[in-house]
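**Student:** The structure's right below; bear with me while I get my questions together.
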Amino acid sequence: MTQLHLGVFFTGVGPNLLWTEPDFAEHTHIDTFVDVVRTLERGLFDAFFLGEGLRVRENRGTVYDLDVAGRPDAITQLAALAAETTHIGLVATQNTTYNYPADLARRLASLDAVSGGRAGWNIVTTDNAWTGANFRHGGWLPHERRYERATEFVETAKALWRNEHVVRDTDLVTLDATGAVPPSPQGRPVLFQAGDSDGGRELAARHADVVFSANTDYDKAAAYAADLRARLARHGRSADSLRILPGASVVLGDTAGEALERADWITREQTTGPRAIAFLEQYWGKDLSGYDPDGPLPDIDPADGELDPSRGTIPIELRTGKLRRIAEWRALAAERGLSIRDLVIEVTPRHNTFVGTPGQVADEWARYVRDRVVDGFNLLPQLLRPSGSSRLLPGTVEDIVDRLVPQLQERGVYRTAYEGSTLRSHLGLPPV
Amino acid sequence: MLYATEVQAPSLAALERAVLDAERAGYAFVTFPDAPRRAGVEAGVLAAYLARRTTRIGLAPTLHVTTTEPFHLATQLAGLDHASLGRAGWVVGATTAAGDLATVGRRQVDAGEVADVVEVARRLWDSWEDDAVIRDVPTGRFLDSRKVHHVDFEGSGFSVVGPLITPRPPQGQVVVIGSASIAAELDIALVRGSGVAGIAGRAAAARATGVPLVFADVPAGFDAAALEGVVDGVHFHGGAPPAVAAGAHGATLRETLGLPRPGNRYATARSTA
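Protein sequence lines, in the order shown, are assigned to chains A and B.
Reading the first sequence from the start, the letters are residues 45 to 476 in the numbering used here.
Reading the second sequence from the start, the letters are residues 523 to 795 in the numbering used here.
Have a look at this one:
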């Protein structure tokens, strides 16, 4: 029976997580993490993911103050959570640009060791000099070479995990090191890859065990799966050696109408007036605080120069052509009579959200997984329930575990108990 | 007298037992020796795991300033302090062995690098003021951006803009422990010497630098009673730690050590501006 695999991606920053509810759980407190990860383990989730922080986001040179901010070091936090759990996989997002291969490989192998074979590494790349300003070599890596560096880095890590002596001296990786952490029961950390570019897909096809894609829409997911499987075949790997888990959000309701209402509320909360203004300021490069978010778009011209990268990772295709984009927005707003806030809601890229009753969402997911267009989902919670609160909030992990998981189990597409003890075994991946 | 001990064991289970034994025995903190080429689990990961298996004892991994990114090192130690609810220490490692440096593709270290990394870590730990998170619903502001600071550190070999990605550690500053020979701002200086007289001489020299606490770093068999009044504490290394007559643990490692929770350098700068 084809099985659905579930993870939760806890980003800890950005607009997805709402903080305005009166009983918001302190999202950086260790007790909150322990609560969330134990709830997920109760729900038999495959994995808990942490994002990686390299620089606190800014808007026009000042720390961005409208979103939740503050996150732990991923591997450190997951090592602490390993002591609080017994089965769930623990996946750390770590970049290959601002880490040393031997140091990171050793820390990941150590997480794998203390968790008894539950560690994963979500491989990401970065390149911009703004992020590099916190690191020894600054913005040293050209954008177009970031996946070359990642590939050499991953190959180095894999060799170190086999406890080999690795000597490398290229213009991208220089080291002389020997792996010396005893292998865990799953052999090595499970490799996740999140990039959707051609370079990212190639890295995934060569080295990843799981891809964390952005393709949630059924047709896009089917096309993505076909593309990846073709690439796998070219690298001599079986279609079964890679799991596809796109990022997604879920909003549940007792009726379809209630779920839609909640989803709409969450979207409006995620795009407050101040956030909508800040979003435009990033493109205009000017102070727009005098504009009414419920009024028309600013009539002034944007500043010269490219987009400010300081709000975090901006895809390369969005770093240029801002004047053309602004012109498109003006046209769209004029045509449909959109306010600033309406426009920002319209044009902000969002992870696809599944909205419905638990039964409806379970039916939809069962179809996805039976058709093999995805192997599961990596979910982004929108709300955190505080420790000790009995209030059931939409968008929390409790909501998913208590209401959606039983529906998936009823349909025979989700486990009713953990069968193994390692992340690799939960994912049904072949042994290393 | 305060007591601390190095912990080494062949397995994770044995390490956990050794740390729990030290906690019950009243040791203020345990240290985890480490180096880039050492076999076994990395000390920072180990300490984070044991943070959730213990409740009172301080946990001080060795992290090396020369084979890591200073920004990651500061984040990892802040994370350990959060996960342990204020029990993190840091034994400053500063390996210059060619084989250790080669693991990160380095051939030499910069003069002053140890002091620079300790300084940047300390600035980063202060980069969020304690009351930076305001959650002001009417204005939509989660943070008070005036209370989250760039640290703008420029060292001889590297620079870091900051702020840290992690809010200020529960202790304010992680307890920084290192050999008295290290030219950096320490909370605990470790001195070695052959016999009580040698230790006393080095302890006096260390004290003259203004370091808050001086610990003798002695083999596990050393008669610690002879050091009463000479040093503030004893750190045992090598072999099983002896039974000690230790005081009670505080809520944080700083409390156990009798060190105040430090003020924030950036908060002070604003109020006197």
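Ideal Cβ positions, reconstructed from N, Cα and C, are used throughout, including at glycine.
For the pair the segment 448–466 of chain A and the segment 272–279 of chain A, tell me if three or more CB-CB distances fall below 8 Å.
**Tutor:** No, the segment 448–466 of chain A is not in contact with the segment 272–279 of chain A.
**Student:** Are the CB atoms of A633 (chain B) and S678 (chain B) nearer to each other than 8 Å?
**Tutor:** Here residue 633 (chain B) is taken as the residue at index 111 of the second sequence, counted from 1. Here residue 678 (chain B) is taken as the residue at index 156 of the second sequence, counted from 1. Yes, Cβ-Cβ distance for A633 (chain B) and S678 (chain B) is below 8 Å.
**Student:** For Q498 (chain A), count the other beta carbons within 10 Å of its own beta carbon; 16 or more makes it buried, fewer makes it exposed. Which is it?
**Tutor:** There is simply no residue 498 (chain A) to check, as chain A begins at 45 and stops at 476 in what is shown.
**Student:** Within 8 Å of any Cβ in chain B, is that where the Cβ of E208 (chain A) sits?
**Tutor:** For the purposes of this step, residue 208 (chain A) is identified with residue 164 of the first sequence, where counting begins at 1. No, E208 (chain A) does not count as interfacial toward chain B.
**Student:** Assuming the contact rule is C-beta atoms closer than 8 Å, T590 (chain B) and T617 (chain B) should be a hit. Round their C-beta distance to whole Å, please.
**Tutor:** Locating residue 590 (chain B) in the second sequence gives position 68, counting from the first residue. Locating residue 617 (chain B) in the second sequence gives position 95, counting from the first residue. That belief does not hold up - the Cβ atoms of T590 (chain B) and T617 (chain B) are roughly 11 Å apart, past 8 Å.
**Student:** Could one say the Cβ of R667 (chain B) lies closer than 8 Å to chain A's Cβ atoms, at least one of them?
**Tutor:** Translated into the one-based positions of the second sequence, residue 667 (chain B) becomes position 145. For the sequence presented, residue 667 (chain B) should be read as Ser rather than Arg. So yes, S667 (chain B) belongs to the interface.
**Student:** Could you give the DSSP three-state label for A248 (chain A): helix, strand or coil?
**Tutor:** Start at 1 with the first residue of the first sequence, and residue 248 (chain A) comes out as number 204. It is helical.
**Student:** Hey, is the segment 120–136 of chain A in contact with the segment 669–686 of chain B, meaning 3+ C-beta pairs nearer than 8 Å?
**Tutor:** Not touching, per the Cβ criterion.
**Student:** Below 9 Å between beta carbons is the criterion; list the residues of the segment 122–142 of chain A that meet it against any residue of chain B, in chain order.
**Tutor:** Going along the segment 122–142 of chain A in chain order, one finds L122, A123, A124, L125, A126, A127, E128, Y142 with a Cβ nearer than 9 Å to chain B.
**Student:** Say whether the segment 252–268 of chain A touches the segment 283–293 of chain A, bearing in mind that this needs 3 or more beta-carbon pairs closer than 8 Å, one atom from each stretch.
**Tutor:** In short, these stretches touch, since the Cβ pair count reaches three.
**Student:** Whole angstroms are fine: how far does the CA of G717 (chain B) sit from the CA of P233 (chain A)?
**Tutor:** For the purposes of this step, residue 233 (chain A) is taken as residue 189 along the first sequence, with counting starting at 1. For the purposes of this step, residue 717 (chain B) is taken as residue 195 along the second sequence, with counting starting at 1. Roughly 47 Å between the two C-alpha positions.
**Student:** In chain order, which alpha helix (DSSP H) runs of at least 4 residues are fully inside the segment 619–707 of chain B?
**Tutor:** List check, alpha helix (DSSP H) in window: 620–624, 635–647.
**Student:** Nearest-angstrom Cα distance between A547 (chain B) and H73 (chain A)?
**Tutor:** Reading the second sequence from its first residue, position 25 is the one you call residue 547 (chain B). Reading the first sequence from its first residue, position 29 is the one you call residue 73 (chain A). Near 29 Å, if we compare the C-alpha coordinates of H73 (chain A) and A547 (chain B).
**Student:** So is L585 (chain B) in contact with chain A if we call contact Cβ pairs under 8 Å?
**Tutor:** The residue labelled residue 585 (chain B) in the question sits at position 63 within the second sequence. Judged by the 8 Å Cβ criterion, L585 (chain B) is not in contact with chain A.
**Student:** Against P116 (chain A), what residues of chain B qualify as contacts under a CB-to-CB distance less than 7 Å, listed in chain order?
**Tutor:** Start at 1 with the first residue of the first sequence, and residue 116 (chain A) comes out as number 72. Residues of chain B passing the Cβ test: G601, H604, T688.
**Student:** Using 8 Å as the limit for Cβ to Cβ distance, is R539 (chain B) near chain A?
**Tutor:** For this step, residue 539 (chain B) is matched to residue 17 along the second sequence. Chain A contact via Cβ: absent.
**Student:** Could you tell me the alpha carbon to alpha carbon distance between A654 (chain B) and D215 (chain A), rounded to whole angstroms?
**Tutor:** Here the question's residue 654 (chain B) lines up with position 132 in the second sequence. Here the question's residue 215 (chain A) lines up with position 171 in the first sequence. Answer to the nearest angstrom: the Cα atoms are 41 Å apart.
**Student:** I'd like the span of the beta strand (DSSP E) that includes S293 (chain A), first residue to last.
**Tutor:** Position 249 of the first sequence, counting from 1, holds the residue named residue 293 (chain A). From DSSP, the beta strand (DSSP E) with S293 (chain A) extends over 291–296.
**Student:** Look up H470 (chain A) in the DSSP assignment and say whether it is helix, strand or coil.
**Tutor:** Taking the first residue of the first sequence as 1, we reach residue 470 (chain A) at position 426. Helix at H470 (chain A).
**Student:** Run through the segment 76–129 of chain A for me and flag every whole beta strand (DSSP E) of 3 or more residues, listed as ranges in chain order.
**Tutor:** Whole beta strand (DSSP E) segments, 3+ residues: 91–94.
**Student:** Per DSSP, E528 (chain B) is paired with what?
**Tutor:** For the purposes of this step, residue 528 (chain B) is identified with residue 6 of the second sequence, where counting begins at 1. E528 (chain B) pairs with B:T553.
**Student:** Using beta carbons (cut-off 8 Å, strictly below), is G684 (chain B) in contact with chain A?
**Tutor:** Taking the second sequence and counting its residues from 1, one reaches residue 684 (chain B) at position 162. Yes, G684 (chain B) lies at the interface with chain A (some Cβ there is under 8 Å from its Cβ).
**Student:** With 16 other CB atoms within 10 Å as the buried threshold, where does E379 (chain A) fall?
**Tutor:** Position 335 of the first sequence, counting from 1, holds the residue named residue 379 (chain A). Exposed, because fewer than 16 other Cβ atoms sit within 10 Å of the Cβ of E379 (chain A).
**Student:** From B:E641, B:V766, B:F593, B:L524, pick the residue whose C-alpha is nearest to that of A705 (chain B); which is it?
**Tutor:** As a position in the second sequence, residue 705 (chain B) is number 183, starting the count at 1. Looking at the Cα atoms, B:E641 is the closest of the given residues.
**Student:** Label P741 (chain B) either buried or exposed according to how many other C-beta atoms from any shown protein chain fall within 10 Å of its C-beta, with 16 as the threshold for buried.
**Tutor:** Taking the first residue of the second sequence as 1, we reach residue 741 (chain B) at position 219. Label assigned to P741 (chain B): exposed.
**Student:** Per DSSP, what are the beta-bridge partners of H757 (chain B) in this structure?
**Tutor:** By 1-based counting over the second sequence, the position of residue 757 (chain B) is 235. Its beta-bridge partners are B:A526, B:D739.
**Student:** State buried or exposed for A795 (chain B), treating a residue as buried only when at least 16 other CB atoms are found within 10 Å of its CB.
**Tutor:** Residue 795 (chain B) sits at position 273 when you count from the first residue of the second sequence. Interpretation of A795 (chain B) is limited by its pLDDT of 40, a score under 50 that renders its predicted location unreliable; the figure taken from the coordinates is listed afterwards. Counting Cβ neighbours within 10 Å, A795 (chain B) comes out exposed, since fewer than 16 surround it.
**Student:** The alpha helix (DSSP H) spanning H604 (chain B) covers which residue range?
**Tutor:** In the second sequence, residue 604 (chain B) corresponds to position 82, counting from 1. 592–605 is the span of the alpha helix (DSSP H), which, as asked, contains H604 (chain B).
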